[in-house]
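> After the structure tokens below, expect a handful of questions from me.
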Amino acid sequence: MDEKTLDIVNFRDIGGYTGLAGMLKPNYFYRSAQLTDLTDAQKTGLVADKKIKTIIDFRTDEEVQNTPDSDVTGIAYRQIDVLGAGSGAPSFDAMLQNAEAGQAFMLDTYAELVLSKQAQQAYHDFLMHLIEQPEAIVFHCFAGKDRTGYAAALILKIAGIDNHTILEDYLLTNDMRRVENERAIAEIQTHVHATPEDLVGLQKLFEVDASYLKQSVQTIEAAFGTFENYLQKGLALPADYIQRFRDIYLEA
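For the record, in the sequence shown the residue sitting at position 219 is 244 according to the working numbering, with numbers rising by one throughout.
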């Protein structure tokens, strides 16, 4: 059962890319949108086909309470809250007809993913999980694009994949979520009777943009100097983390 057959929004394997240090093994790192209301076939696909052992949920307590993941027999569940309480978007009215509000919020969010203590602890816990329990996982947030996209970028960077490829993979989310985003926008229009032009600000919250991930990269450079320094001082990872990760997950 491939990702398309599984039919989970924004679900994909980020393995298979090759960098100077080797190829990131496939079938270990799956990213996704939230895993609510899974069908029996989807659950079977995650367990029997993808061999996933753990679901890692980056959402807040409120998000998890409102729309919990489906229970999947045979797969452990772990919540690692990246943003914490009080991390809300601008008001709905502010977003209407205001693309700048959406853009500014997203840029602030991607700086927060680097600098906030909550996010630093969360990504520390996530990355340590990878070397302490080297088995197939699926990691997700709500849409599977920001908290999840940043986590995927971290994995690829640690694996030694080049920045251009990392950005291309990150931007795949816009294709993977296109149908779902159109459905969500259409539903909003029925409630607020807004034109597509009115929703340009809200559209920013449904998409990823190269400037968002670049904001995180620039924030790392400004605050920590190098990516390696960010891993050690920002995320408090062991000095040999990159080598340990590559020993497990890369192949020639």
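A virtual CB, placed ideally from N, CA and C, is assigned to each residue, including glycine. Since the structure is predicted, the reported quantities are computational estimates derived from the model, not experimental observations.
(1) Could you check how far apart the C-beta atoms of Arg271 and Ala184 are, in whole angstroms? I think they sit under 8 angstroms.
(2) What span of residues does the alpha helix (DSSP H) with Ser57 cover, start to end?
(3) Once DSSP output is grouped into helix, strand and coil, what is the label at Gln104?
(4) Just tell me which of Gln90, Asp187, Val97 has its CA closest to the CA of Gly47.
(5) Helix, strand or coil: how does DSSP classify Glu276 here?
(6) Buried or exposed: Val217, going by 16 or more other Cβ atoms within 10 Å of its Cβ?
(7) Is it a yes or a no for the region 75 to 85 touching the region 157 to 172, going by three-plus beta-carbon pairs under 8 angstroms?
(8) Can you tell me where the beta strand (DSSP E) with Arg163 in it begins and where it stops?
(9) Hey, which unbroken runs of the alpha helix (DSSP H) at 4 residues or more fall wholly within the region 39 to 83?
(10) Measuring CB atoms only, is the region 64 to 72 touching the region 85 to 94, in the sense that at least three cross pairs come out at less than 8 angstroms?
(11) Near Ile245, which residues of its chain fall below 7 angstroms by C-beta distance, leaving aside the five closest residues on each side in sequence?
(12) Could you spell out where the alpha helix (DSSP H) holding Thr173 opens and where it closes?
(13) Put Arg37 into one of helix, strand or coil per three-state DSSP.
(14) Starting from the C-beta of Ile33, find all residues in its chain whose C-beta is less than 8 angstroms away, skip the five residues before and the five after it, and write them out in chain order.
(15) Go through its chain and collect everything with a Cβ distance to Ile100's Cβ below 7 angstroms, but skip five positions before and after it.
(16) Using the Cβ count rule (16 or more neighbours within 10 Å means buried), how would you classify Ala168?
(17) Can you tell me where the alpha helix (DSSP H) with Glu193 in it begins and where it stops?
(18) Within its chain, find whatever has a CB closer than 6 angstroms to the CB of Ala277; leave out the 5 residues flanking it on each side and keep chain order.
(19) How long is the line joining the alpha carbons of Asp38 and Tyr102, rounded to whole angstroms?
(20) Do Leu262 and His154 have their C-beta atoms closer together than 8 angstroms?
Considering the structure as presented:
(1) 7 angstroms
(2) Where Ser57 is concerned, there is no enclosing alpha helix (DSSP H), although the beta strand (DSSP E) it sits in stretches over 54 to 57.
(3) strand
(4) Asp187
(5) strand
(6) exposed
(7) yes
(8) The sequence given here has Val at residue 163, not Arg. That run of the beta strand (DSSP E) goes 162 to 165.
(9) 65 to 69
(10) no
(11) Val139, Phe252, Tyr255
(12) 172 to 183
(13) strand
(14) Ser57, Ala58, Leu60, Leu63, Gln67
(15) Leu71, Val72, Ile77, Lys78, Thr79, Ile80
(16) buried
(17) 188 to 201
(18) Gly47
(19) 19 angstroms
(20) no
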